[in-house]
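Inspection log for the structure reproduced underneath, given as structure tokens.
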Amino acid sequence: MATPTDLPTNGRSARARAGAAGAAASARVGAGVDGARRRSNGAVVAVKNVFVAESTTFYTILGVTLFLVVFGVVMVLSSSSVEEYRYKHGFFGAFAKQGLYALIGVPLMLVVSRFPGEFWRRWAMRILGAGLVLQLLVFTPMGIDIQGNRNWIGLGAFTAQPSELLKLALVLGIGAVLFRKREKLHDWREVFIPVGLATAVSIGLVLLGGDQGTAMIMMILVFGSLFVGGVRLRHLAVGVVAIAVMLPVVTMASSSRQTRISAWLSGCTDSNQAQDLCWQPVHGMWALASGGVFGVGLGNSKLKWSWLPEADNDYIFAIVGEELGLIGAVVVLALFVVLAIGMIRVIRLSPDPFVRTVTGGVLAWVIGQALVNIAVVLGLLPVLGVPLPLISAGGSALIMTLVAIGVVLSFARDLPARTGSGGPGRSGAPGRTTAPAPGTQNGALR
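The sequence shown begins at 2 in the numbering used here and counts up by one.
Shown next as structure tokens:
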């Protein structure tokens with residue numbers, strides 16, 4: 002039995018043990034809170050790192066792209082609401098789809114922008130092969146014919162256009178070939194045999210599906226890639242002549258193409274044509290003309306009331322001009338100019354020929370397609386069925402355009418923050434620039 006003198010000592014020991022246990026518990030709770038705080042801070046840092054770059058060019062391209070995507074979703078809502086209510090008794094069907102595509106495409110763009118340039122060079126030919134395989138699927142039972150063009154495949158309730166992936170795949174493939182042949186660009190056989198084969202197969206498959214508009218954009222991006230990649234101009238001139246010879250043959254192979262081009266060449270002066278082939282281009286011009294300088298107001302278009310076919314797609318620029326006027330149309334053009342300037346800066350400042358070639362191809366693709374679409378709306382080209390990048394309704398086009406811009410963002414992320422007035426030229430000769438050369442600590446590929 003404990004003596005009276007032992008009791009205080011045991012009591013103090015018990016209190017000490019209890020205090021130690023409480024302190025340990027508090028320490029564990031504190032450690033848990035600190036750990037949760039660190040994990041939370043780590044997640045915040047990880048999200049912030051998606052937007053971290055050393056170059057203002059990165060933020061320029063990203064900002065303009067995001068603005069055009071948001072603007073496009075708004076214009077799709079405005080231009081499609083009437084037709085959606087007419088056929089589906091709801092205003093927001095096309096708007097919801099376009100918003101979903103944007104919510105898929107923008108995160109994909111940001112994820113893609115984290116990949117190093119050497120990843121794209123290493124996987125370029127595999128991506129090209131995958132793009133060709135997917136394009137072949139349009140000729141299987143999975144293929145879907147839309148308005149005479151068989152360039153879609155069915156994926157449950159959705160459709161996908163493999164030729165959009167094939168555009169990016171072809172740009173990457175050309176970039177990889179020119180990188181490997183960078184010391185032999187003067188020899189046309191070293192360049193045009195592999196590039197010509199890949200281009201002929203890719204564009205040939207698209208033309209077999211009847212999509213001449215996409216084939217034209219692919220030719221533009223091929224020439225853009227070769228020009229920026231340093232191929233000699235006289236070799237490019239031979240390619241231009243060859244295409245000029247083949248173009249009438251391709252056009253005459255389709256009766257629908259013949260009639261569209263004939264109507265365009267006639268200026269749509271025939272009253273019968275105005276009720277058929279010229280209906281869309283004529284009403285597109287009326288939409289632009291009725292907008293004036295300031296427009297009729299967002300959502301107040303009259304031509305979208307079943308007068309202008311494809312108002313939310315191929316002819317969305319006409320709705321922009323009608324609702325937002327000349328000022329709105331010029332702002333859209335200016336945004337594409339800023340996007341082009343950002344990509345040109347990537348080309349000028351990057352020391353890597355692969356980066357320059359791929360960026361040149363994406364530049365020719367996005368800006369060239371925008372110019373072709375606007376030229377069609379203005380009546381400068383026949384109707385080709387080419388959407389306005391980042392703005393027109395469409396899932397495959399929007400998502401793959403965002404992925405392609407994400408590739409350019411991955412190149413722009415590590416550009417130097419401050420540079421001189423020059424950069425590498427077309428032939429790869431170094432200009433006046435502070436961009437470090439490949440192989441240095443800051444200039445080596447990630």
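Backbone N, C-alpha and C fix where the C-beta goes; we use that ideal spot for every residue, glycine too. Being a predicted model, the structure only gives us computed values, none of them experimental.
- If G106 sits next to L399, beta carbons under 8 Å apart, how far is it from one beta carbon to the other, in whole angstroms? 5 Å
- For G326 and F295, believed in contact at Cβ under 8 Å, the rounded distance: 4 Å
- Task: Return the bridge partner residues of N314 from the DSSP annotation.
- Result: According to DSSP, which records beta bridges pairwise, N314 is partnered with nothing at all.
- Taking the C-alpha atoms as reference points, what is the distance between G132 and A288? 37 Å
- So N374 is in the alpha helix (DSSP H); what residue range does that whole segment cover? 354 to 378
- Just grab the DSSP bridge partners of I145 for me. W153
- If I'm right that D315 touches P388 with Cβ under 8 Å, what's the distance once you round it to whole angstroms? 6 Å
- Starting from the C-beta of I218, find all residues in its chain whose C-beta is less than 8 Å away, skip the five residues before and the five after it, and write them out in chain order. K168, W366, G369, Q370, V373, V387
- Query: G380 to G205, Cα distance in whole Å?
  - Reply: 27 Å
- Looking at C-alpha atoms only, which residue of E184, H187, R190, M220 is the closest neighbour of T200? M220
- Let me know the secondary structure DSSP gives A161 once reduced to three states. strand
- Task: Give the DSSP-derived three-state secondary structure of V297 in the structure shown.
- Result: coil
- Item | Segment contact flag, the region 339 to 358 with the region 56 to 72, C-beta cutoff 8 Å, min 3 pairs | yes
- From F337, L410, A319, residue whose alpha carbon lies closest to that of V359: L410
- Item | Contact between the region 135 to 149 and the region 178 to 190 (3+ Cβ pairs under 8 Å) | no
- Can you tell me where the alpha helix (DSSP H) with I392 in it begins and where it stops? That residue, I392, is in no alpha helix (DSSP H); it is neither H nor E in DSSP.
- Message: So, does the region 230 to 245 touch the region 186 to 193, judging by three or more C-beta pairs under 8 Å?
- Response: yes
- Query: Considering only the beta carbon of each residue, do R413 and T58 sit closer than 7 Å?
  - Reply: One detail in the question is off: residue 413 reads as Ala in this sequence, not Arg. Cβ distance < 7 Å, so A413 and T58 count as in contact.
- Query: Can you tell me whether V207 is buried or exposed, with buried defined as 16 or more other CB within 10 angstroms of its CB?
  - Reply: buried
- Message: Suppose the cutoff is 6 Å on Cβ atoms and the five residues either side in sequence are ignored; what does the same chain contact list for G396 look like?
- Response: Y102
- Mark S307 as exposed unless 16 or more other C-beta atoms lie within 10 angstroms of its C-beta, in which case mark it buried. exposed
- Task: For the alpha helix (DSSP H) holding V223, just list the boundary residues, first then last.
- Result: 213 to 230
- Message: Which residue marks the beginning of the alpha helix (DSSP H) containing V70, and which one marks its end?
- Response: 57 to 89
- Query: Starting from K98 and walking both ways along the alpha helix (DSSP H), at which residues does that stretch end?
  - Reply: 94 to 113
- Message: I need the straight-line Cα distance from G298 to L382, nearest angstrom please.
- Response: 28 Å
- Report the three-state DSSP secondary structure of F116 (helix, strand or coil). coil
- Are A394 and D313 close, meaning C-beta to C-beta below 7 Å? yes
- Below 6 Å CB to CB, which residues in the same chain sit around S302 once its five sequence neighbours on both sides are set aside? I320, E323, E324
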